Structures are given as C-alpha cells and as structure tokens.
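Q:
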Amino acid sequence: MQGPFDRGRPRARHARRRPALPLLIALLTLPLLAGAAFAHAVAAGDKGYIQEISGINVLPFIYLGAKHMVTGYDHILFLFGVIFFLYRMKHIGIYVSLFALGHSTTMLLGVYFNVGINSYIIDAIIGLSVVYKALDNMGAFQRWLGFQPNTKVATLVFGFFHGFGLSTKILEYNISPDGLVPNLLAFNVGIEIGQLMALGAILIVMGYWRRTRSFWRHAYTANVIMMTAGFLLIGYQLTGLFVAA
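Residue numbers for the sequence shown follow my numbering, beginning at 33 and rising by one.
(1) So, helix, strand or coil for residue 139, using DSSP?
(2) Do you know offhand how far residue 256's Cα is from residue 262's?
(3) Which whole runs of the beta strand (DSSP E) in the region 73-126 are 3 residues long or more, in chain order?
(4) Between the C-alpha atoms of residue 276 and residue 244, what's the straight-line distance to the nearest angstrom?
(5) Taking its Cβ as the centre, do 16 or more other Cβ atoms sit within 10 Å of residue 241, making it buried, or is it exposed?
(6) Alpha carbon to alpha carbon, what distance is there between residue 184 and residue 202?
(7) DSSP three-state label for residue 209, please.
(8) Closest to residue 132 by C-alpha separation, out of 79, 193, 93, would be which residue?
(9) Roughly how many whole angstroms lie between the Cα atoms of residue 122 and residue 114?
(10) Which residues in the same chain as residue 266 place their Cβ atom closer than 8 Å to its Cβ, once the five residues preceding and following it in sequence are excluded?
(11) What residues in its chain sit with their C-beta under 8 Å from that of residue 110, if we drop five residues either side in the sequence?
(12) What would DSSP say about residue 148, mapped onto helix, strand or coil?
(13) Under the three-state reduction of DSSP, which class applies to residue 64: helix, strand or coil?
(14) Just to confirm, is the Cβ distance from residue 208 to residue 139 under 9 Å?
(15) Go ahead and pull the three-state DSSP assignment for residue 199.
(16) Would you mind sorting residue 129 into buried or exposed? The rule is 16 or more other CB atoms within 10 Å of its CB.
(17) What's the C-alpha gap between residue 196 and residue 97?
(18) Could you have a look at residue 182 and say whether DSSP puts it in helix, strand or coil?
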C-alpha cells in the first residue's frame, strides 16, 4: 500500500526550491525556542485576572480562550499535523470537529468536577500527540504495524488529553465558582474561535505550499521537524516532572 510520500516522489524529483519550506521550518521550530514554561501557560496578567474576578464575565473569557488557543503552539502543532494531508474542506471539518469535541468535553467536565492531572504529565502526553501525528503522516505505523490505526479515533482521544491540559491549568488558577459555568462556556467559545483563526492561517500557508512542486519534496522533512518538536516538548515536561519531584 502506497503512503502519501510514495505518491509524491515522482513529482518531487524535478522540483525546484521554493521559499515555502523556510517559512514552514520557522513555524514548526517555534516550540524549540519557546521552552517548557509556556506549555498551556497563561500570561501573568491574565492569570491574575482569572484569580481575582467573580461573577459572569462572558466577553473577557471569550478573549482569554481565543488568546490561549492562538498562542498555544502545542495545540497548533497537532492541528497542523492533523490537516497536513487533508485537502477537502469536508474532511478538514470532520477532523477539526472531532478534536474540538474532545478538548471541549474534558476541559469543561474537568473544571466543573474539579478533575486535575499533573500538568507535567498531561503536557508530555500532548507532546506525544504531536509525535504520533507526525509519525502517522510519515506512514510509520503502516510500515511498523502492517495496518493504519484509525485516525479519527486518535484525533478524538488526543483531543481529550488536550482538553485535560486546559482544565488542569484553569484549576491551578483557582477560578471562582461564582459564574463558573457561563465563564467556562465563554472560554470554550473563545478556544473554538482561536482554533478557527489558527486553522485559517495554516490553510493559507498550506494552500500556497501545496501549489508548489516542492511540497512532496519537503513534506517528509516537515513532519520530521514536527516530530522532533514533539519529542522536545516531551523532554521538557518529563524533566520538569523529575526536577519538581
């Protein structure tokens, strides 16, 4: 069975270099420069705001949710990997909806029922989700296991873990129970708005890159870089876990 890179190799043989790859590498290596401290982090001012306010504050929480998603490189890396080989908007919509369903469910229920997970462990799992998706895009599981794992189920399951990452961070900031449900729903709406904004930017970059003949030539490299970024995220979090122990 041919993988996506097998189909692209004949065209890539005569491809010319294009400026899309340096831009893509820059996007994928942002996590290498960011550091572990920023995984699912909230800016100091936003943290203080969450801790101090009470009552229903819909618009501020929509803003905070959108801001968190747009600046959440771990979410964006996974989303980038999910849509890497998706061309039809119908398919993109299905996978993005599964991811949204997953992280919305565990984020809302996790905060409401006060279910927290060690932030280092959950962020390491989120790094693993990036590694998994990169390997999936490279066809590694077909070669290693002889079959293709269900990509829709994997997207939903990792969405659950991404949601626990959000809920764990919110619980650490002791959000007020006064107006909790409306504020959580508003935060989730903001997350989805931010996700759509990030998705739009990714689709613009991918749409340009896919129209060049360099796409198949550099697609494998891009996924290797993404996998490396995921491993680095895992390493950061596991180091933090052992240092904090």
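Think of the CB as a built atom: it goes at the ideal place given N, C-alpha and C, for glycine as much as any other residue. Values in this document were obtained by computation on a predicted structure and should not be read as measured data.
A: Taking the definition as stated:
(1) Here residue 139 refers to the residue found at position 107 of the sequence shown. Helix at residue 139.
(2) Reading the sequence shown from its first residue, position 224 is the one you call residue 256. Reading the sequence shown from its first residue, position 230 is the one you call residue 262. Approximately 10 Å between the Cα atoms of the pair.
(3) none
(4) The residue given as residue 276 occupies position 244 in the sequence shown. The residue given as residue 244 occupies position 212 in the sequence shown. Straight-line Cα distance between these residues: approximately 47 Å.
(5) If you number the sequence shown from 1, residue 241 lands on position 209. It is buried - the Cβ of residue 241 has at least 16 other Cβ atoms within 10 Å.
(6) Numbered from 1 along the sequence shown, position 170 holds the residue referred to as residue 202. Numbered from 1 along the sequence shown, position 152 holds the residue referred to as residue 184. So the alpha carbons of these two residues sit roughly 27 Å apart.
(7) Residue numbering aside, residue 209 sits at position 177 when the sequence shown is read from its first letter. Reduced to three states, the DSSP call for residue 209 is coil.
(8) Within the sequence shown, residue 132 is the residue found at index 100, counting from 1. Ranking 79, 193, 93 by Cα distance to residue 132 puts 193 first.
(9) Here residue 122 refers to the residue found at position 90 of the sequence shown. Here residue 114 refers to the residue found at position 82 of the sequence shown. If you draw a straight line from the Cα of residue 122 to the Cα of residue 114, it is about 14 Å long.
(10) Counting from 1 along the sequence shown, the entry for residue 266 is found at position 234. Cβ neighbours of residue 266 beyond the five flanking positions: 156, 159, 160, 163.
(11) Translated into positions along the sequence shown, residue 110 becomes position 78. Cβ within range, chain order: 131, 158, 161, 162, 165, 190, 194.
(12) The residue you call residue 148 lines up with position 116 of the sequence shown. In the three-state reduction of the DSSP assignment, residue 148 falls in the coil class.
(13) What you label residue 64 is simply residue 32 of the sequence shown in a count that begins at 1. Low confidence applies to residue 64: its pLDDT is 48, below 50, so where it sits in the model is not reliable, and the reading given next is rough at best. In this structure, residue 64 counts as helix in the three-state DSSP scheme.
(14) Against the sequence shown, residue 208 aligns to sequence position 176. Against the sequence shown, residue 139 aligns to sequence position 107. Cβ atoms of residue 208 and residue 139: not closer than 9 Å.
(15) The residue labelled residue 199 in the question sits at position 167 within the sequence shown. Three-state DSSP puts residue 199 in a helix.
(16) Taking the first residue of the sequence shown as position 1, residue 129 is located at position 97. Counting of Cβ neighbours within 10 angstroms places residue 129 among the exposed residues, the total staying below 16.
(17) Sequence index remark: in the sequence shown, residue 196 carries index 164 (1-based). Sequence index remark: in the sequence shown, residue 97 carries index 65 (1-based). Approximately 15 Å between the Cα atoms of the pair.
(18) For this step, residue 182 is matched to residue 150 along the sequence shown. In the structure shown, residue 182 sits in coil (DSSP, three-state: anything other than H, G, I, E or B).
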